[in-house]
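Chains as they are written, first to last, in my numbering: chain Y, 10 to 183; chain H, 10 to 183.
Note sheet for the following structure.
Protein chains: 2
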Amino acid sequence: MDAFWTKGYEATSMSDLCCRTGLHKGSLYQAFGDKHKLFMESLHHYADVEFGKAAAVAYDSESPLENIRAMVDMIASEAKSEKGCMMVNTMVELAPHDPEVREALKTISRKRMRFIADMIGKAQQAGEIRAELAPEKLALQLMVTLAGSATLVKAFMDGQPLLDNIENLIDSWV
Amino acid sequence: MDAFWTKGYEATSMSDLCCRTGLHKGSLYQAFGDKHKLFMESLHHYADVEFGKAAAVAYDSESPLENIRAMVDMIASEAKSEKGCMMVNTMVELAPHDPEVREALKTISRKRMRFIADMIGKAQQAGEIRAELAPEKLALQLMVTLAGSATLVKAFMDGQPLLDNIENLIDSWV
DNA sequence: ACTATTCTTTACTGATCGGTCATAAATTAG
DNA sequence: CTAATTTATGACCGATCAGTAAAGAATAGT
Numbered sequence: 010m011d012a013f014w015t016k017g018y019e020a021t022s023m024s025d026l027c028c029r030t031g032l033h034k035g036s037l038y039q040a041f042g043d044k045h046k047l048f049m050e051s052l053h054h055y056a057d058v059e060f061g062k063a064a065a066v067a068y069d070s071e072s073p074l075e076n077i078r079a080m081v082d083m084i085a086s087e088a089k090s091e092k093g094c095m096m097v098n099t100m101v102e103l104a105p106h107d108p109e110v111r112e113a114l115k116t117i118s119r120k121r122m123r124f125i126a127d128m129i130g131k132a133q134q135a136g137e138i139r140a141e142l143a144p145e146k147l148a149l150q151l152m153v154t155l156a157g158s159a160t161l162v163k164a165f166m167d168g169q170p171l172l173d174n175i176e177n178l179i180d181s182w183v
Numbered sequence: 010m011d012a013f014w015t016k017g018y019e020a021t022s023m024s025d026l027c028c029r030t031g032l033h034k035g036s037l038y039q040a041f042g043d044k045h046k047l048f049m050e051s052l053h054h055y056a057d058v059e060f061g062k063a064a065a066v067a068y069d070s071e072s073p074l075e076n077i078r079a080m081v082d083m084i085a086s087e088a089k090s091e092k093g094c095m096m097v098n099t100m101v102e103l104a105p106h107d108p109e110v111r112e113a114l115k116t117i118s119r120k121r122m123r124f125i126a127d128m129i130g131k132a133q134q135a136g137e138i139r140a141e142l143a144p145e146k147l148a149l150q151l152m153v154t155l156a157g158s159a160t161l162v163k164a165f166m167d168g169q170p171l172l173d174n175i176e177n178l179i180d181s182w183v
């Protein structure tokens, strides 16, 4: 998974995957079928792990808003390395030309967005976020900002201004 | 250029480039040296054209804010196709592993960000954007949002909600 | 202990990759 | 019109690609 995450699909060869996994070529093919299936497996694994980590911190505090902040910090700190976010990387590299990948990304992203919108709704009920803002719109705003941050951090921005920008966004909701 | 834009660097073969350009293999190599140099040339060409188009609409109106909206609409409409934005695509695919590309992207992005910040500053002087917001921060916010939009549009979002989101962002500045 | 079966390893395939180079065509010079 | 020089062409190169299949090692069944 790490190889795909770091280098992307096309740039990762089966030899790379053998080195990373320690397994030999035949074993990989016997276990996964082909490169594409192995990639799909990796993508789903990544999504599950990341969603799990995000959900794990999302109930730490009594305050829904604090939970949102914790979750966003978690995601942002994951994505602030040069590896970025594997979902974002895959959207850019494969989604336009690979229907199976696009469907998977759509499903995963919608799930994550529902989760965020739900948390925002709770924060509104708790009076921590202004109630006149639609949770779905704020969730989209957050997803866009996270995706953009994961992109820009790779090329020309320090992580800190991007993190500040995310904080500012959430602050603007209260 | 179009091939790199659509498919990315690794997924575009020299044969593809021959088909697209009509030129034959040897001619391409004689003219550009190698694939990487040809890509750099394409990237700079893309950046020049896009910046030119953005700058062209940036003085259409008397109102700086209207000019910002026009420019953003222009960028967003370019990037709302499945091709996305070539700069964003390149940041994701190549920037982490290719110092030359990263430097080029950094230079181009900073230039664009200075341009946007400058426009925001003018809009503030004209009283169209709240003056207490730092132009550089707003410019970053906009770049992040544009980059995120160009990513998400490829995988799971219709273009319209993303365009609305961008409009909302600018509205929040006034 | 012996056979049957599963898993592991690696040599191999055809295709395609980026890149080169000798030749052919075209252009220019005299 | 011919010779020299530039430009266009595609056959060709070694390397590497994703993927296969046969041989070898380990495990399980009886």
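Glycine included, each C-beta is placed from N, C-alpha and C at the ideal position.
This one's a predicted model, so the numbers in the text were calculated from it and none came from an experiment.
- Excluding residues up to 5 positions away in sequence, A156, A159 lie with their Cβ nearer than 6 Å to the Cβ of V97(H) in the same chain.
- The beta-carbon of K34(Y) is placed no less than 9 Å from the nearest beta-carbon of chain H.
- Distance from the CA of D173(Y) to the CA of Y18(H), rounded to the nearest whole angstrom, comes to 32 Å.
- Chain Y has a Cβ within less than 9 Å of the Cβ of E19(H).
- The beta carbons of L178(H) and M152(Y) sit about 14 Å from each other, so the pair does not count as a contact at 8 Å.
- With a threshold of 16 other beta carbon atoms within 10 Å, P144(H) meets it and is buried.
- Under the Cβ criterion of 9 Å, G168(Y) is not counted among the residues facing chain H.
- Beta-carbon to beta-carbon, S51(Y) and M10(Y) are separated by about 4 Å, close enough to satisfy the 8 Å threshold.
- Assigned with DSSP and collapsed to three states, I138(Y) falls in coil, not helix or strand.
- Contact residues of the region 127 to 158 of chain H toward chain Y are K146, L149, Q150, M152, V153, T154, L155, A156, G157, S158 (C-beta to C-beta distance below 8 Å).
- Under the Cβ criterion of 9 Å, P73(Y) is not counted among the residues facing chain H.
- Among the residues of chain Y, those whose CB is under 7 Å from the CB of A164(H) are M100, A104, R111, L114, K115, S118, following chain order.
- Closest in C-alpha terms to K120(H), from the list G61(H), S86(H), A104(H), comes G61(H).
- Cβ-Cβ separation between I175(Y) and T154(Y): approximately 6 Å, consistent with a contact (criterion under 8 Å).
- Annotated as distal: A148(Y) and I117(Y), with beta-carbon spacing of 9 Å or more.
- Separation of the CB atoms of K34(H) and M23(H) is rounded to 6 Å, and the pair is thereby assigned contact status at 8 Å.
- Between A40(H) and D25(H), the C-beta spacing is not below 9 Å.
- In this structure, V101(H) sits near K163(Y), with a CB-CB distance shorter than 9 Å.
- When C-beta distances to chain H are compared with 9 Å, every residue of the region 33 to 52 of chain Y stays at or above that value.
- Non-local beta-carbon contacts of Y55(Y) in its own chain, meaning distances under 7 Å to residues more than five positions away in sequence, involve M10, W14, M95 in chain order.
- In this structure, the beta-carbon distance from K89(Y) to G168(Y) falls below 9 Å.
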